[in-house]
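Residue numbers (our numbering): 8 to 101.
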């Protein structure tokens, strides 16, 4: 499995959610609404989820193995860091 594209929308809020990502897997399958969260132990990604009638959140799609989760997280956070660096360069040049 290869993550062939990562698209990122930064969120301008004071909350913990910093961005929403979509990933493309093997140029054939897209997963939307992956959230980039600034947690107590650093940045991480949260898979798309929905609230159940009893108030719990359940993942809509998620990796089965920890290796796949790490691949997804690394790809999304790398793109997040790249976008943040690019944004800083633009602000400095303005």
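All C-beta atoms, glycine included, are put in the ideal place defined by N, C-alpha and C.
- Compute the beta-carbon to beta-carbon distance between residue 28 and residue 14, rounded to the nearest angstrom, for a pair I have assumed lies under 8 Å. On the chain shown, residue 28 is found 21 positions in, with the first residue counted as 1. On the chain shown, residue 14 is found 7 positions in, with the first residue counted as 1. Right, their Cβ atoms sit about 7 Å apart.
- Query: What's the gap between the Cα of residue 94 and the Cα of residue 61?
  - Reply: One-based indexing of the chain shown puts residue 94 at position 87. One-based indexing of the chain shown puts residue 61 at position 54. About 40 Å.
- Could you say which of 79, 58 and 37 lies nearest to residue 66 if we only look at CA atoms? In the chain shown, the residue the question calls residue 66 occupies position 59. If we check each option's Cα against that of residue 66, 58 comes out closest.
- Message: Out of 16, 63 and 53, which one is the CA nearest neighbour of residue 113?
- Response: Outside the displayed range of the chain (8 to 101) lies residue 113, so it cannot be described from this structure.
- Whole angstroms is fine: what's the gap from residue 79's alpha carbon to residue 20's? As a first step, residue 79 must be located in the chain shown, where it is residue number 72. As a first step, residue 20 must be located in the chain shown, where it is residue number 13. Those two C-alpha atoms are separated by around 24 Å.
- Buried or exposed for residue 30, please, with buried defined as at least 16 other CB atoms from any protein chain shown within 10 angstroms of its CB. Taking the chain shown and counting its residues from 1, one reaches residue 30 at position 23. Result: buried.
- Output the boundary residues of the beta strand (DSSP E) element that contains residue 30. In the chain shown, residue 30 corresponds to position 23, counting from 1. Secondary structure note for residue 30: its beta strand (DSSP E) is the uninterrupted segment 24 to 32.
- Query: Could you give the distance in angstroms between the alpha-carbon of residue 23 and the alpha-carbon of residue 34?
  - Reply: Counting from 1 along the chain shown, the entry for residue 23 is found at position 16. Counting from 1 along the chain shown, the entry for residue 34 is found at position 27. Between residue 23 and residue 34, the C-alpha separation is close to 30 Å.
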